Amino acid sequence: MPAPPEDLPVTLHHDIYPGIDPTSHFKNKTYARKIVLITGSSRGIGQEIALFYARSGASLALLARDQASLDVVKELILKDEEVVKDGSVRVEVFVADVCDVKEVEGAVRGAVGKFGKLDIVVANAGKADLYDRPFTEDDPEKWWKTVEVNLRGVYNIAHYSLPYLDKTSGYFIITSSLAAQARFPFLSPYSVSKHAVGRLNEYIALEHPKVKSIAFHPGAIKTAITATNPSMAQYCIDTLQLPAAAVLRFTSGKADWLSGRYFNANWDFGEVEERFRGRIVEDGGLVSRLAVLL
């Protein structure tokens, strides 16, 4: 018997909507003097999140594996009209593979050395591959590499950044996936890794209660990662701006009750808060747990 859907019956959005409209953040520079470190920030979702934080006044530490790509993103951000008008935004780039412990340690320490602190970390780096057969018929190394990037990569950045976030009572945001809460044939490496990182998110909140940690599905978006599976293209109807605006909401102080939990960026924030917040908090919802539907 297939598992029941793990979802909430609320309005679904595919682009920015009033509940997460970032205009006030941009206008009021809500994140002025905040330092935001983002992995996987040289393209796609990570790049857009970086741009939204910069437009909101934050300074950035951008991590990725490719220096040239990071330099391009840095230039694009610093030339953005909102950022130029502000004049206070700083952007530093750090080349690091999230699977390499020493490189991650060096990048995090380098960021703190440049800025003096960390307020927000977005663990966005991830990996997907072409998944078109049962895992027993696929390359074991390929299967494990997906898990390594998506799980160990998040663990590594958490390991070295959380002590600094403890000092600022900051935020740790994880780019997860709907696949963490669903079961699709042939998608086991991606699904397993995203499900596991959801549990890691719960432990971050448990062991570092000063830090607000949220794992979220960013939406189904056409990026270099989703392009590895052409069959998924028809489902990729969400904009890059949706997760970027959602992350600003997560770290605004208005969603701290979600710490240690999973959230879907497609869900209407207002409806979730109004209709389900009480039950979620009281019953320990939006976490990985065994349940019997009655």
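Note that the sequence shown covers residues 143 to 436 in the numbering used here.
Glycine included, C-beta positions come from ideal geometry on N, C-alpha and C.
Please read all numbers here as calculations on a predicted model, not as lab measurements.
Margin query: So, with DSSP's three-state summary, where would you put alanine 203?
Written below: Here the question's residue 203 lines up with position 61 in the sequence shown. Three-state DSSP puts alanine 203 in a strand.
Item checked: For threonine 317: DSSP bridge partner residues -> What you label residue 317 is simply residue 175 of the sequence shown in a count that begins at 1. Bridge partners of threonine 317: Phe358.
Check: CA-CA distance, aspartate 213 and glycine 268?
Finding: Residue mapping note: residue 213 aligns to position 71 of the sequence shown, counting from 1. Residue mapping note: residue 268 aligns to position 126 of the sequence shown, counting from 1. As the crow flies, the alpha-carbon of aspartate 213 is around 20 angstroms from that of glycine 268.
Check: With a cut-off of 8 angstroms, do at least 3 Cβ pairs link the stretch 310-318 to the stretch 255-265?
Finding: yes
Margin query: Can you tell me whether tyrosine 306 sits near the ligand MG, meaning its C-beta is under 8 angstroms from at least one heavy atom of the ligand?
Written below: Because no ligand of any kind appears in the structure shown, any question about the ligand MG cannot be addressed here.
Next item on the list: Identify whether threonine 365 lies in helix, strand or coil by the three-state DSSP scheme.
Entry: As a first step, residue 365 is located in the sequence shown; it is residue number 223 there, counting from the start. Coil.
Check: Taking just the CA atoms, how far does leucine 220 sit from proline 144?
Finding: The residue given as residue 144 occupies position 2 in the sequence shown. The residue given as residue 220 occupies position 78 in the sequence shown. Confidence at proline 144 is low in this model, with a pLDDT of 45, below 50, so the placement of that residue should be treated as unreliable; the coordinate-derived value is given next. Each residue's Cα considered, the two are about 49 angstroms apart.
Note to self: Between which residues of its own chain and glutamine 376 is the CB-CB distance below 8 angstroms, once the five residues before and five after are set aside?
What the structure shows: Taking the sequence shown and counting its residues from 1, the one referred to as residue 376 is at position 234. Apart from sequence neighbours up to five positions away, no residue of its chain approaches glutamine 376 with a beta-carbon distance below 8 angstroms.
Next item on the list: Give the straight-line distance between the Cα atoms of glycine 420 and valine 237, rounded to the nearest whole angstrom.
Entry: Within the sequence shown, numbered from 1, the residue matching residue 420 stands at position 278. Within the sequence shown, numbered from 1, the residue matching residue 237 stands at position 95. The alpha-carbon atoms of glycine 420 and valine 237 are separated by roughly 42 angstroms.
Note to self: Check whether the stretch 237-256 and the stretch 185-198 touch, using three or more Cβ-Cβ pairs below 8 angstroms as the test.
What the structure shows: no
Note to self: Please state the DSSP three-state secondary structure of isoleucine 158.
What the structure shows: Counting from 1 along the sequence shown, the entry for residue 158 is found at position 16. Isoleucine 158 falls in the coil class under three-state DSSP.
Margin query: In this structure, how does DSSP classify tyrosine 377 when only helix, strand and coil are distinguished?
Written below: On the sequence shown, residue 377 is found 235 positions in, with the first residue counted as 1. Residue state, collapsed to three classes: helix.
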